Amino acid sequence: MLENDDFKQTVAEWIYRGKVTIYDLPAEERREYYSTFYILAFRRLREHKQIEEYVKVMRLLWADWSYTKLYGSDSEAQGMGKKLFDAYWGVELEFKGDMQFEAVVQALKEQHPELFGEG
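Going from the sequence shown to our numbering is simple: count from 1 and add 391.
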């Protein structure tokens, strides 16, 4: 699907503008270009205060991260883990108190304390 950087940039712009969602992308491309696609998806959802969708995208990134830890490279898995933590850190104060957000953060802390500098 994504043969070149121009197309990758176009898809990234579509994500940011809301023309497509991160769910519309094939898993392989979503994982390969996670650093661009997830950042823009999170940015859009944060700007529009769509907490429920933001949490869903966090869960999707978590699933992609888990898959990459098993089947991908260590460096990609580390990068995805960092993006997942950044997704939390970027909205921690803003979304604090939202039950869905708190639930996904608590689950992450329990299963992956290393993301939070614990364990």
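Just so it is clear, CB atoms sit at the ideal spot from N, CA and C, and this is done for glycine as well. This structure is a prediction, so every number in the text was calculated from the model and none was measured.
Worksheet item: In the structure shown, what three-state DSSP assignment does Pro417 receive?
Response: coil
Discussion item. Report the start-end ranges of each alpha helix (DSSP H) in the stretch 432-465 that is 4 residues or longer and not cut off at the edges.
Written reply: Counting only runs of 4 or more, we get 442-462.
Worksheet item: How many angstroms separate the CA atom of Phe492 from the CA atom of Gln469?
Response: Looking at the two C-alpha atoms, the distance is approximately 22 Å.
Worksheet item: Taking DSSP as the reference, what is the three-state secondary structure of Val402?
Response: helix
Discussion item. Quick check: the Cα distance between Phe486 and Leu475, rounded to an integer number of angstroms?
Written reply: In this model, Phe486 and Leu475 are separated by some 15 Å (Cα to Cα).
Worksheet item: DSSP state of Val411, grouped into three classes?
Response: DSSP places Val411 in coil when its eight states are reduced to three.
Discussion item. Looking at Tyr424: is its Cβ nearer than 8 Å to the Cβ of Lys399?
Written reply: One thing to note: Tyr424 has its Cβ within 8 Å of the Cβ of Lys399.
Worksheet item: Under the three-state reduction of DSSP, which class applies to Tyr479: helix, strand or coil?
Response: helix
Discussion item. Between the alpha carbons of Gly488 and Leu431, how many angstroms are there, rounded?
Written reply: Cα to Cα, Gly488 sits roughly 24 Å from Leu431.
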